[in-house]
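There are 2 protein chains.
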Amino acid sequence: MISLEGYRIFLHTAKSGNLTKAAQELHITQPSVSYAIKQLEESLGVKLFNRLSKGVELTAEGRALLEYVEPSFSLLEAGETKIRSLKQLETGELRIGAGGSLIRYLLLPYLKHFRTRYPNIRIRLTHGKTPDLAKRLIEGQIDLGIVHMPFADRLLDVRSFMTIQDCFVVGEAYREWSERTLEAEELGRLPLLLLSKGSSTRQFVEQWFAAQSLPLEVDIELGSLELLIELAQLGFGAAFVTRSFVSKELESRSLYELPIREPIPERSVGIALRRDISLSEAAARFVETLTSPLP
Amino acid sequence: MISLEGYRIFLHTAKSGNLTKAAQELHITQPSVSYAIKQLEESLGVKLFNRLSKGVELTAEGRALLEYVEPSFSLLEAGETKIRSLKQLETGELRIGAGGSLIRYLLLPYLKHFRTRYPNIRIRLTHGKTPDLAKRLIEGQIDLGIVHMPFADRLLDVRSFMTIQDCFVVGEAYREWSERTLEAEELGRLPLLLLSKGSSTRQFVEQWFAAQSLPLEVDIELGSLELLIELAQLGFGAAFVTRSFVSKELESRSLYELPIREPIPERSVGIALRRDISLSEAAARFVETLTSPLP
DNA sequence: TCATGATATAGAGCACCTCTATGTCAGAGT
DNA sequence: ACTCTGACATAGAGGTGCTCTATATCATGA
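Going line by line, the protein sequences match chains A and B. Heads up, the first sequence is in my numbering, so the first residue is 83 and it goes up one at a time. Heads up, the second sequence is in my numbering, so the first residue is 83 and it goes up one at a time.
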């Protein structure tokens with residue numbers, strides 16, 4: 083097999099027309115260049131250079147070879163440049179999957195920050211429920227998934243990166259309910275606004291009711307958290323939401339949280355990654371972004 | 083500096099998705115491949131493969147790199163192929179087939195020129211009639227054929243490269259016939275010297291007579307144009323020949339052309355090649371020689 | 001639980017490249 | 001002519017780094 087280093091030396095020699103100069107460029111000695119050229123000539127079975135008194139000059143065969151070797155090395159160099167720029171996050175893509183409202187209410191500030199910092203990384207977002215995201219992850223269609231915990235899969239590495247606290251909120255119409263601590267069973271006397279079945283949040287609230295042996299009567303169920311919040315504000319009932327997602331509304335008093343004696347346990351949101359593959363540079367950096375506090 | 087051998091190993095590994103298989107292809111051992119990939123990854127500072135339990139799989143960065151490395155190596159390989167074919171010019175051979183008198187009267191100057199330019203190419207000449215040449219071409223026994231046009235074959239690429247003009251010539255004995263324009267039918271009053279049946283030239287002259295509804299009475303028919311010309315000079319009659327083949331004799335007035343009212347159409351001579359195989363370097367150069375003017 | 005088929009690691013060995021030193025040669029300058 | 005300069009070639013020593021064998025480790029599927 084032909085030594086590839088020989089081609090690199092050939093290329094420099096051909097371009098400078100001078101073994102000694104080529105040697106300097108390559109930080110090796112002139113005899114090494116001489117040796118390498120000789121090796122290459124012998125492997126190919128043709129003379130590549132005519133040795134003149136003032137340097138070397140390509141033969142017809144050498145010139146023919148150069149026409150291939152030069153672009154070949156340009157490509158390799160371009161490849162190395164590409165890798166460098168991927169490493170510097172000057173290019174690349176980041177494929178994120180996230181469930182329901184997490185993109186809008188939780189991921190958005192991180193995405194904004196990341197996009198400002200690395201404007202040339204193409205961000206692709208995929209919406210999907212947790213099992214769907216798991217499937218996409220395993221198939222390599224997304225780099226990482228953002229899911230409600232608990233969630234586990236043999237092939238996935240899921241690590242919590244944020245805890246969230248859920249609560250019930252009401253609008254002005256039911257404001258008085260927020261002025262004293264309620265027993266859990268009293269909630270049944272209010273119309274309940276929940277996310278549709280199948281969402282992690284819905285599962286979670288169902289479990290909470292079940293844990294206390296309380297029946298759960300749902301009055302309004304919606305796929306969109308946005309709409310849920312709006313209806314709560316309009317006085318349609320008590321909505322089960324993550325507190326931090328409505329912090330603005332709570333501050334501006336367009337929503338009120340219902341204090342409940344039986345505390346709603348904390349949940350956490352996790353990052354799901356394929357266990358056996360390493361992250362792309364962009365994905366790794368995004369995970370860092372997620373796990374360190376926003377400025 | 084990055085070891086180029088590493089790229090070759092990377093390429094094979096990426097394509098087979100399996101270090102062990104790549105090692106076999108490269109005739110080295112699996113640990114060597116493992117080592118090389120690791121080296122490359124460390125030099126570039128990125129992981130190129132995810133190690134799975136059933137082989138390896140490119141990472142995003144690896145995939146990006148492959149897009150450059152693969153064409154780069156294709157180029158190198160093409161370069162090596164080119165060199166190999168150029169080398170053939172040092173030792174190769176050129177097998178030409180040509181009909182009848184074409185070798186001697188048309189090809190010879192080109193052959194001389196080619197032989198001077200590429201003295202190490204062994205030239206093999208095959209004599210044969212057009213259909214025979216076609217058969218040899220198709221069977222790969224010759225690289226190219228020189229044939230009278232028109233001629234076509236599904237498997238052959240035939241391109242005209244020279245037009246020729248035929249004429250009737252006589253020796254001193256019939257010189258007076260050359261001093262006025264003859265009607266075609268007057269030719270019948272001269273003894274006619276033609277090439278033997280089966281030759282393209284004979285076919286052509288027969289067609290010409292037939293086109294004018296003239297009977298053709300052949301007095302002397304020979305396989306050799308050389309002899310035909312000699313007999314014409316000796317006054318045996320009018321010979322049908324290609325004008326450029328006897329230009330020397332016409333100049334030196336050992337032969338005279340008969341002016342004829344009905345013009346004899348031009349013919350052309352073509353190069354026949356096999357359509358589906360690429361020419362050897364030597365054959366390609368010879369075709370160049372034929373299609374560009376002699377110095 | 002075991003067999004299978006992967007990759008990773010450790011450590012020895014040596015091939016091949018690279019170096020230093022020196023030879024050879026052609027051309028320019030005096 | 002002679003020498004000086006700048007080039008490439010050759011010889012031989014030396015050491016780096018690749019490659020090998022042997023073995024570990026790990027995941028998967030039966």
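Ideal placement from N, C-alpha and C gives every residue a C-beta, glycine not left out.
Top-ranked residue by Cα proximity to residue i, from the options
{"i": "residue 307/B", "options": "186/B, 319/B, 138/B, 230/B", "result": "186/B"}
{"i": "residue 214/A", "options": "235/A, 198/A, 153/A, 194/A", "result": "235/A"}
{"i": "residue 370/A", "options": "242/A, 163/A, 108/A, 207/A", "result": "242/A"}
{"i": "residue 176/A", "options": "150/A, 166/A, 207/A, 134/A", "result": "207/A"}
{"i": "residue 221/A", "options": "233/A, 237/A, 229/A", "result": "237/A"}
{"i": "residue 304/A", "options": "293/A, 276/A, 137/A, 376/A", "result": "276/A"}
{"i": "residue 230/A", "options": "201/A, 285/A, 197/A, 116/A", "result": "285/A"}
{"i": "residue 279/A", "options": "302/A, 259/A, 316/A", "result": "302/A"}
{"i": "residue 145/B", "options": "141/A, 164/A, 266/A, 156/A", "result": "164/A"}
{"i": "residue 125/A", "options": "92/A, 132/A, 134/A", "result": "92/A"}
{"i": "residue 162/A", "options": "123/B, 110/B, 117/B, 111/B", "result": "123/B"}
{"i": "residue 135/B", "options": "373/A, 368/A, 359/A, 376/A", "result": "359/A"}
{"i": "residue 283/B", "options": "212/B, 218/B, 224/B", "result": "212/B"}
{"i": "residue 343/B", "options": "268/B, 245/B, 253/B", "result": "268/B"}
{"i": "residue 281/A", "options": "182/A, 265/A, 95/A, 141/A", "result": "182/A"}
{"i": "residue 349/A", "options": "174/A, 258/A, 325/A, 368/A", "result": "325/A"}
{"i": "residue 374/A", "options": "196/A, 296/A, 256/A", "result": "196/A"}
{"i": "residue 294/B", "options": "266/B, 316/B, 309/B", "result": "266/B"}
{"i": "residue 225/B", "options": "189/B, 257/B, 366/B", "result": "366/B"}
{"i": "residue 364/B", "options": "153/B, 172/B, 151/B", "result": "172/B"}
{"i": "residue 167/B", "options": "128/A, 205/A, 335/A, 232/A", "result": "128/A"}
{"i": "residue 259/B", "options": "137/B, 103/B, 338/B, 111/B", "result": "338/B"}
{"i": "residue 133/A", "options": "154/A, 110/A, 102/A, 109/A", "result": "102/A"}
Closer than 8 Å at the beta carbon, the chain B residues around residue i
{"i": "residue 168/A", "result": "128, 142, 143, 146"}
Rounded distance between the beta-carbons of residue j and residue i, thought under 8 Å
{"i": "residue 170/B", "j": "residue 329/B", "result": "Actually they do not touch by this definition, with Cβ atoms about 35 Å apart."}
{"i": "residue 248/A", "j": "residue 346/A", "result": "5 Å"}
{"i": "residue 147/A", "j": "residue 158/A", "result": "About 16 Å; that fails the 8 Å criterion."}
{"i": "residue 107/A", "j": "residue 98/A", "result": "7 Å"}
{"i": "residue 288/B", "j": "residue 270/B", "result": "The pair is not a contact, with the Cβ atoms about 14 Å apart (cut-off 8 Å)."}
{"i": "residue 228/B", "j": "residue 353/B", "result": "6 Å"}
{"i": "residue 191/A", "j": "residue 332/A", "result": "At roughly 18 Å, the Cβ-Cβ gap does not stay under 8 Å, so residue 191/A and residue 332/A are not in contact."}
{"i": "residue 341/A", "j": "residue 219/A", "result": "About 39 Å; that fails the 8 Å criterion."}
{"i": "residue 210/B", "j": "residue 272/B", "result": "Their Cβ separation, rounded to whole angstroms, is 31 Å, which puts residue 210/B and residue 272/B out of contact at 8 Å."}
{"i": "residue 251/B", "j": "residue 351/B", "result": "Rounded, the Cβ-Cβ distance is 19 Å, inconsistent with contact."}
Interface residues of chain A facing residue i [CB-CB closer than 7 Å]
{"i": "residue 165/B", "result": "126, 128, 143, 146, 147"}
{"i": "residue 150/B", "result": "157, 158, 160, 161, 164"}
{"i": "residue 134/B", "result": "358"}
Residue interval of the alpha helix (DSSP H) (run including residue i)
{"i": "residue 142/A", "result": "142 to 169"}
{"i": "residue 220/A", "result": "212 to 220"}
{"i": "residue 233/A", "result": "Taken as a continuous stretch (DSSP letters only), residue 233/A belongs to no alpha helix (DSSP H), as it is neither H nor E."}
{"i": "residue 193/A", "result": "190 to 199"}
{"i": "residue 357/A", "result": "Segment: none, residue 357/A is in no alpha helix (DSSP H) and carries neither H nor E."}
{"i": "residue 372/B", "result": "363 to 373"}
Chain A contact residues for residue i, given Cβ-Cβ distances below 9 Å
{"i": "residue 329/B", "result": "In chain order: nothing, as chain A lies at least about 36 Å away."}
{"i": "residue 90/B", "result": "83, 86"}
Closer than 9 Å at the beta carbon, the chain B residues around residue i
{"i": "residue 220/A", "result": "Chain B residues near residue 220/A: none, gap ~12 Å exceeds 9 Å."}
{"i": "residue 363/A", "result": "128, 142, 143"}
Listed by chain order, chain A residues near residue i by CB distance under 8 Å
{"i": "residue 326/B", "result": "What residue 326/B touches in chain A: nothing, since even the nearest Cβ is about 34 Å away."}
{"i": "residue 201/B", "result": "Near residue 201/B there are no residues of chain A at all, since even the closest Cβ is about 15 Å away, more than 8 Å."}
Endpoints, beta strand (DSSP E) assigned at residue i
{"i": "residue 265/B", "result": "Here residue 265/B belongs to no beta strand (DSSP E), and DSSP marks it neither H nor E."}
{"i": "residue 204/B", "result": "204 to 209"}
{"i": "residue 254/B", "result": "Note, residue 254/B: premise wrong, no beta strand (DSSP E); not H, not E."}
{"i": "residue 178/A", "result": "175 to 180"}
{"i": "residue 134/B", "result": "131 to 134"}
{"i": "residue 276/A", "result": "274 to 277"}
Listed by chain order, chain B residues near residue i by CB distance under 7 Å
{"i": "residue 153/A", "result": "157"}
* Asked: Can you list, in chain order, the stretches of the alpha helix (DSSP H) that have 4 or more residues and sit fully within the stretch 293 to 351 of chain B?
  -> Listed in chain order, the complete alpha helix (DSSP H) runs (minimum 4 residues) inside the stretch 293 to 351 of chain B are 307 to 315, 329 to 333.
* To do: Enumerate, from N- to C-terminal direction, the unbroken alpha helix (DSSP H) stretches of 4 or more residues contained entirely within the stretch 93 to 129 of chain A.
  => 101 to 108, 112 to 126
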